[in-house]
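Chemist:
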Amino acid sequence: MRRAVAWGLGGAALVAMPWLVRAVAPGQQRYVLHILVFTGLFAALALSYDLVVGHVGSLSLAHPAFFGIGAYTAALLATRAGFTFLPDTLAAMILAGLVAWLIGVPMFRLHEHAFAIGTLGFAMVTHIVATNWVDLTRGPLCVTGIPRPALGMGPVAIKLTSVPHYYWLALASLGLVALLYHGLTTFRLGRAFHAVRDNEMLAAAAGIDPRRYRMLAFVVGAVVAGGIGALYAHYITVLCPEEMTVALTINLLVIVFIGGVGRLRGVVIGAVLFTVLPEILRIAPTWRLVIYGGLLLAIVVRWPEGLESALRRSGRSRTA
Amino acid sequence: MAFFAVHGLVKRFLGVTAIDRVDLTVERGELVALIGPNGSGKTTLFNCVTGFMPADAGRVTFRERDVTGIAPHRIARLGVGRTFQLVSVFSRLTVLDNLLVFLQQHQEDSVLGRLLRTARLRRYEREALDRAHALLAWVKLADHAHAPAGTLSYGQRKLLAFAAALMPNPELILLDEPAAAVNPTMIETMKRHILALNREGKTILLVEHNMDVVMDLAQRVVVLDHGAKIAEGAPEAIRRDPRVIDAYFGR
Amino acid sequence: MRAGYAEVEVLRGVSLEVRSGDIVSIIGANGAGKSTLLKTVFGLVTAHGGSIRLAGEELAGRRPVEVLARGVSYVPQGRCNFPAMTVEENLEMGAYTRNDAGVRRDIDAMMQRFPMLGSKRVDPAGTLSGGQQQVLEIAMALLLHPRLLLVDEPSLGLDPRMAELVFATIESINREGTTVVMVEQNAKTALSISHRAFVLELGRNRFEGTGRELLDNPEVRTHYLGR
Ligand SMILES: Nc1ncnc2c1ncn2[C@@H]1O[C@H](COP(=O)(O)OP(=O)(O)OP(=O)(O)O)[C@@H](O)[C@H]1O
Ligand SMILES: Nc1ncnc2c1ncn2[C@@H]1O[C@H](COP(=O)(O)OP(=O)(O)OP(=O)(O)O)[C@@H](O)[C@H]1O
Ligand SMILES: [Mg+2]
Ligand SMILES: [Mg+2]
Numbered sequence: 001m002r003r004a005v006a007w008g009l010g011g012a013a014l015v016a017m018p019w020l021v022r023a024v025a026p027g028q029q030r031y032v033l034h035i036l037v038f039t040g041l042f043a044a045l046a047l048s049y050d051l052v053v054g055h056v057g058s059l060s061l062a063h064p065a066f067f068g069i070g071a072y073t074a075a076l077l078a079t080r081a082g083f084t085f086l087p088d089t090l091a092a093m094i095l096a097g098l099v100a101w102l103i104g105v106p107m108f109r110l111h112e113h114a115f116a117i118g119t120l121g122f123a124m125v126t127h128i129v130a131t132n133w134v135d136l137t138r139g140p141l142c143v144t145g146i147p148r149p150a151l152g153m154g155p156v157a158i159k160l161t162s163v164p165h166y167y168w169l170a171l172a173s174l175g176l177v178a179l180l181y182h183g184l185t186t187f188r189l190g191r192a193f194h195a196v197r198d199n200e201m202l203a204a205a206a207g208i209d210p211r212r213y214r215m216l217a218f219v220v221g222a223v224v225a226g227g228i229g230a231l232y233a234h235y236i237t238v239l240c241p242e243e244m245t246v247a248l249t250i251n252l253l254v255i256v257f258i259g260g261v262g263r264l265r266g267v268v269i270g271a272v273l274f275t276v277l278p279e280i281l282r283i284a285p286t287w288r289l290v291i292y293g294g295l296l297l298a299i300v301v302r303w304p305e306g307l308e309s310a311l312r313r314s315g316r317s318r319t320a
Numbered sequence: 321m322a323f324f325a326v327h328g329l330v331k332r333f334l335g336v337t338a339i340d341r342v343d344l345t346v347e348r349g350e351l352v353a354l355i356g357p358n359g360s361g362k363t364t365l366f367n368c369v370t371g372f373m374p375a376d377a378g379r380v381t382f383r384e385r386d387v388t389g390i391a392p393h394r395i396a397r398l399g400v401g402r403t404f405q406l407v408s409v410f411s412r413l414t415v416l417d418n419l420l421v422f423l424q425q426h427q428e429d430s431v432l433g434r435l436l437r438t439a440r441l442r443r444y445e446r447e448a449l450d451r452a453h454a455l456l457a458w459v460k461l462a463d464h465a466h467a468p469a470g471t472l473s474y475g476q477r478k479l480l481a482f483a484a485a486l487m488p489n490p491e492l493i494l495l496d497e498p499a500a501a502v503n504p505t506m507i508e509t510m511k512r513h514i515l516a517l518n519r520e521g522k523t524i525l526l527v528e529h530n531m532d533v534v535m536d537l538a539q540r541v542v543v544l545d546h547g548a549k550i551a552e553g554a555p556e557a558i559r560r561d562p563r564v565i566d567a568y569f570g571r
Numbered sequence: 572m573r574a575g576y577a578e579v580e581v582l583r584g585v586s587l588e589v590r591s592g593d594i595v596s597i598i599g600a601n602g603a604g605k606s607t608l609l610k611t612v613f614g615l616v617t618a619h620g621g622s623i624r625l626a627g628e629e630l631a632g633r634r635p636v637e638v639l640a641r642g643v644s645y646v647p648q649g650r651c652n653f654p655a656m657t658v659e660e661n662l663e664m665g666a667y668t669r670n671d672a673g674v675r676r677d678i679d680a681m682m683q684r685f686p687m688l689g690s691k692r693v694d695p696a697g698t699l700s701g702g703q704q705q706v707l708e709i710a711m712a713l714l715l716h717p718r719l720l721l722v723d724e725p726s727l728g729l730d731p732r733m734a735e736l737v738f739a740t741i742e743s744i745n746r747e748g749t750t751v752v753m754v755e756q757n758a759k760t761a762l763s764i765s766h767r768a769f770v771l772e773l774g775r776n777r778f779e780g781t782g783r784e785l786l787d788n789p790e791v792r793t794h795y796l797g798r
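Chains as they are written, first to last, in the numbering used here: chain A, 1 to 320; chain B, 321 to 571; chain C, 572 to 798.
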């Protein structure tokens, strides 16, 4: 009961965030919400990545590619073919998932290091294609003028032009991704994922096809990443190849590992820390990145299983 | 045709022939022990017939079906359960989940079906839980049901792996040294359990170095040495067989 | 001694005394705390109460390398070798802390004692059968000529002849002066070669006596020896 109330209040606060921010810091609303949009998108993207890394234990380095494929699909369909927001996002998700499935077939024949390197190679190739296939992507000139999304059609269309609108869209997307993540990683399916991660041989003896579950997590992760890519492109309205470099993988790994691998709460906490902390540290501009790096290091040393493990421990001692 | 049969199985590794043209048949409802000195190829035979290793030659049939070269998870789904000699559990899953994970695969094949948790699935889940709790009780792990399997003692993990293999109620059960690392009192319980399974009609192929277990349980004993079958027969006859004494029992 | 893991206390006050030159067996149900006891003595698990003395010197709180340096070697339960290294390299690793000229000769002697190791000399340890790896691990520990050998289930996975050879080897190094503390589920055989033995139950002492006494004790027989 108390839990339900807490969840209700927390949810209401998240939805009411634009007004709360305006009440507390009237001049800063745009800036704060802008950061929170990034938090939401990063959290959703990191959750989709954690499906693969945390739950089936495959160290894929291909995630930026799926994010990028989604972003470019949406951007190009919107700017060149006149697609509206929902159809182009859907197309982005389908294409990212399809590509994941196609490269997953050869990649999952590889194991561990080889799989990581194989997926890294794929990510690099996609980045190079985005940079050099100028006819399609405009390469380094970037795709510009991507419209802000509109939901619905004709006279009933709601145009999501303001930052608060976009904040709600990001929040709703994060909610959906979190639900999907929860559904996939608990109960029967979750057990099968974790079985494959823990002991592939024994999983096979239990009648579980390891490759199939790895592939499922990989493709679902790519579909979500493609969708988030589309949301991102529509939000920033300009899309450059730099958005999909390998550096994005590092960021996602930081989020997942700082927060807690394989933990919904943990990944979200990681994303909040990753996007909000550097902004707070702007109060000390010269030392900002040094302090940021130092804090990350301290967290890893103090809680090697991620911040979430600290929450779990304190939660347990309270109930005990 | 035999319930489970191996014809002319050969498995070579660099330098050794781990299995050398072995024929083996097990009839439905039989309890057969497979014995032989360390390194004689018993585990390798298990690995080849359950799809974990490709054989170099030979054929394996199960219930009139050729299962040679089939993927291990498919063989498991046909109703063949096995345990591993080296302790093997899902160390980050709880003890209870270690059992449940063995059952679910045999009930619902479609991923979509699993995503939509239907009423039927919920009933399965309840039945699975009952079965899991019953198995945990007899291996004395009920108190550990919610602990990660990685925190169990070695022998407890061994017992958990044994219980897990029984979860899906397989028709053919291959046990690789189930009694090793298990305390003598629990071995007695385990023996009764294996016998009860056999009386229910389950077919069992047992690898074991504990001769009390082999002699008390087996209806027939097959002996491997250097990958080849050197003897086969009733337990008392095998015990007196000079070739087996020479290769295995000693003295 | 008291010891345990993160949140659970496993050893709740265990006491045992081992005389120099004895073979001592520890038996008990699965999960009684036998392995934890050996691990604590060797410094792999930290004791949080009581003391562990080796010839008068406190061992509690010492790290495994320090315990090893005092002449204690330990064979863990189940697989613990370098699977990608050859059998010979594993034996060399077993003698890692020795730097006398006798290592080569001892490795050859070990291969003589266990001819299987000689015939598998250049094979990676990970390709050996279960029982063969067990023999390798015992051989690795013996190469240190320990004062005190802690061995967790030496007969695990061994065929009857090999088990006999390993127990005979334990008796023979004991005659040469090594004190042995062994945990065994093959309890009857272990008790029959032990000078003293202890039964653990739920992290506490339950019975102790000479090997013979425990073998003859009806309660020990029904609860710990099966039948
Ligand atoms: N992957 C492998 N590569 C090379 N040789 C192997 C491999 N697996 C097993 N062998 C060899 O094959 C032979 C048979 O091994 P196997 O594990 O089947 O024996 P086992 O009868 O199960 O013995 P144990 O009673 O010790 O468990 C051994 O000589 C072993 O060294
Ligand atoms: N890493 C661990 N974390 C938490 N609990 C543990 C851990 N290892 C062992 N335990 C618990 O400690 C108890 C004793 O374990 P231990 O391995 O000492 O048993 P044992 O007597 O050696 O049993 P066995 O005969 O099965 O090897 C068990 O209940 C086990 O669940
Ligand atoms: Mg074997
Ligand atoms: Mg133990």
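Yeah, the Cβ is synthetic: ideal placement off N, Cα and C, and Gly gets one too.
Just to confirm the assignment, what range does the beta strand (DSSP E) spanning B/Arg446 have?
Modeler: No beta strand (DSSP E) holds B/Arg446; the alpha helix (DSSP H) holding it covers Ala439 to Trp458.
Chemist: With 16 other CB atoms within 10 Å as the buried threshold, where does A/His111 fall?
Modeler: When all chains shown are included, A/His111 counts as exposed.
Chemist: Using 8 Å as the Cβ pair cut-off and three pairs as the minimum, do the stretch 212-222 of chain A and the stretch 401-408 of chain B touch?
Modeler: The stretch 212-222 of chain A is not in contact with the stretch 401-408 of chain B.
Chemist: I need the boundaries of the beta strand (DSSP E) containing B/Thr381, first residue and last residue.
Modeler: That run of the beta strand (DSSP E) goes Ala377 to Phe382.
Chemist: What does a CB cutoff of less than 8 Å around A/Val13 pick up in its chain, not counting 5 residues either side in sequence?
Modeler: Contrary to the premise, residue 13 of chain A reads as Ala rather than Val in this sequence. Hits under 8 Å: Leu20.
Chemist: Using C-beta distances below 6 Å, list every residue in its chain close to B/Asn367, excluding the 5 sequence neighbours before and after it, in chain order.
Modeler: The answer, listed in chain order, is Met373.
Chemist: Go ahead and label A/Thr319 buried or exposed: buried means 16 or more other beta carbons lie within 10 angstroms of its beta carbon, across all protein chains shown.
Modeler: Residue confidence is low: A/Thr319 scores 41 on pLDDT, short of 50, so the model does not pin down where it sits. Its coordinate-derived value is still stated next. Exposed, because fewer than 16 other Cβ atoms sit within 10 Å of the Cβ of A/Thr319.
Chemist: Against chain A, does B/Phe410 count as a neighbour if the rule is that its beta carbon must be under 8 Å from one of theirs?
Modeler: Answer yes: the Cβ-Cβ gap between B/Phe410 and chain A drops below 8 Å somewhere.
Chemist: May I ask you to check if the CB of C/Gly575 is nearer than 7 Å to at least one heavy atom of ligand 4?
Modeler: C/Gly575: no, Cβ never under 7 Å from ligand 4.
Chemist: Interface residues of chain B around C/Glu735 at Cβ under 8 Å?
Modeler: The contacting residues are Gly570.
Chemist: Report the rounded CA-to-CA distance for B/Lys478 versus A/Trp287, giving the unit in angstroms.
Modeler: So the alpha carbons of these two residues sit roughly 54 Å apart.
Chemist: Which partner residues does B/Val542 have in the DSSP bridge list?
Modeler: Partner(s): B/Leu354 and B/Glu552.
Chemist: Reducing DSSP to helix, strand and coil, say where C/Asn661 ends up.
Modeler: Three-state DSSP puts C/Asn661 in a helix.
Chemist: Can you tell me whether DSSP reads A/Arg318 as helix, strand or coil?
Modeler: In this predicted model, A/Arg318 has a pLDDT of only 45, less than 50, meaning its place in the structure is not dependable enough to derive any value.
Chemist: Under 7 Å: does the beta carbon of C/Gly649 sit that close to some heavy atom of ligand 1?
Modeler: For ligand 1, not one heavy atom lies less than 7 Å from the Cβ of C/Gly649.
Chemist: What residues of chain C sit near B/Thr370, judged by a beta carbon separation below 9 Å?
Modeler: Those within 9 Å of B/Thr370 in chain C number zero; the least Cβ separation is about 16 Å.
Chemist: Cutting at 7 Å between CB atoms, please list the residues of its own chain near A/Thr275, excluding the five before and the five after it.
Modeler: So the list reads Ile35, Phe38, Thr39 and Phe42, once near-sequence residues are dropped.
Chemist: Can you say whether B/Glu497 is buried or exposed, counting buried as having 16 or more other CB atoms within 10 angstroms of its CB?
Modeler: By the neighbour-count rule (16 or more Cβ atoms within 10 Å), B/Glu497 is buried.
Chemist: When you compare only the Cα positions, how much space is there between C/Gly797 and B/Gly475?
Modeler: Their Cα atoms are separated by approximately 16 Å.
Chemist: State the CB to CB distance for the pair C/Met687 and B/Gly359, rounded to an integer number of angstroms; the pair is presumed to be in contact (CB under 8 Å).
Modeler: With 8 Å as the limit, C/Met687 and B/Gly359 qualify as a contact, their Cβ atoms being about 7 Å apart.
Chemist: Which of helix, strand or coil does DSSP assign to C/Leu729?
Modeler: Coil at C/Leu729, not helix or strand.
Chemist: Using CA coordinates, which residue listed in B/Ala567, B/Thr337, B/Gly328 and B/Ala322 is at the minimum distance from B/Phe382?
Modeler: When each option's Cα is compared against that of B/Phe382, the closest is B/Ala322.
Chemist: Taking 7 Å as the cut-off, is the CB of B/Lys331 close to at least one heavy atom of ligand 3?
Modeler: No, Cβ of B/Lys331 sits at least 7 Å from all heavy atoms of ligand 3.
Chemist: Assign B/Phe410 to buried or exposed, taking buried as 16 or more other Cβ atoms, counted over all protein chains shown, within 10 Å of its Cβ.
Modeler: By the neighbour-count rule (16 or more Cβ atoms within 10 Å), B/Phe410 is buried.
Chemist: Check whether the Cβ of C/Gln705 sits closer than 7 Å to any heavy atom of ligand 3, and report yes or no.
Modeler: No, the beta carbon of C/Gln705 sits no closer than 7 Å to any heavy atom of ligand 3.
Chemist: Using a Cβ-Cβ distance under 8 Å, would C/Leu727 count as near chain B?
Modeler: True, the Cβ-Cβ gap to chain B drops below 8 Å.
Chemist: Mapping DSSP to helix, strand and coil, what is B/Gly401?
Modeler: If DSSP states are grouped into helix, strand and coil, B/Gly401 belongs with the strands.
Chemist: Is the shortest distance between the beta-carbon of C/Glu790 and the beta-carbons of chain B less than 8 Å?
Modeler: For C/Glu790, the answer is no, since every Cβ of chain B falls outside 8 Å of its Cβ.
Chemist: Taking all protein chains shown into account, decide if A/Ile280 is buried (16 or more other Cβ within 10 angstroms of its Cβ) or exposed.
Modeler: Answer is exposed; the Cβ neighbour count stays below 16.
Chemist: Could you please give the first and the last residue of the uninterrupted alpha helix (DSSP H) stretch that includes A/Leu176?
Modeler: First-last of the alpha helix (DSSP H) with A/Leu176: Val163 to Thr185.
Chemist: Check whether the stretch 687-703 of chain C touches the stretch 652-661 of chain C, taking contact to mean three or more Cβ pairs, one atom from each stretch, closer than 8 Å.
Modeler: Segments in contact, yes.
Chemist: Among residues of its own chain, excluding the 5 on either side of C/Ser591, which ones have a beta-carbon nearer than 7 Å to its beta-carbon?
Modeler: Contacts found: Thr750.
Chemist: Taking the Cβ atom as the reference point for each residue, do A/Arg148 and A/Leu136 lie within a distance shorter than 8 Å?
Modeler: In this structure, A/Leu136 does not lie closer than 8 Å to A/Arg148 by Cβ.
Chemist: Would you kindly work out how many angstroms separate the C-alpha atoms of A/Gly97 and A/Pro140, rounded to a whole number?
Modeler: So the two alpha carbons sit approximately 25 Å from each other.
Chemist: Could you confirm whether any beta carbon from chain C is found closer than 8 Å to the beta carbon of B/Thr414?
Modeler: For B/Thr414, the answer is no, since every Cβ of chain C falls outside 8 Å of its Cβ.
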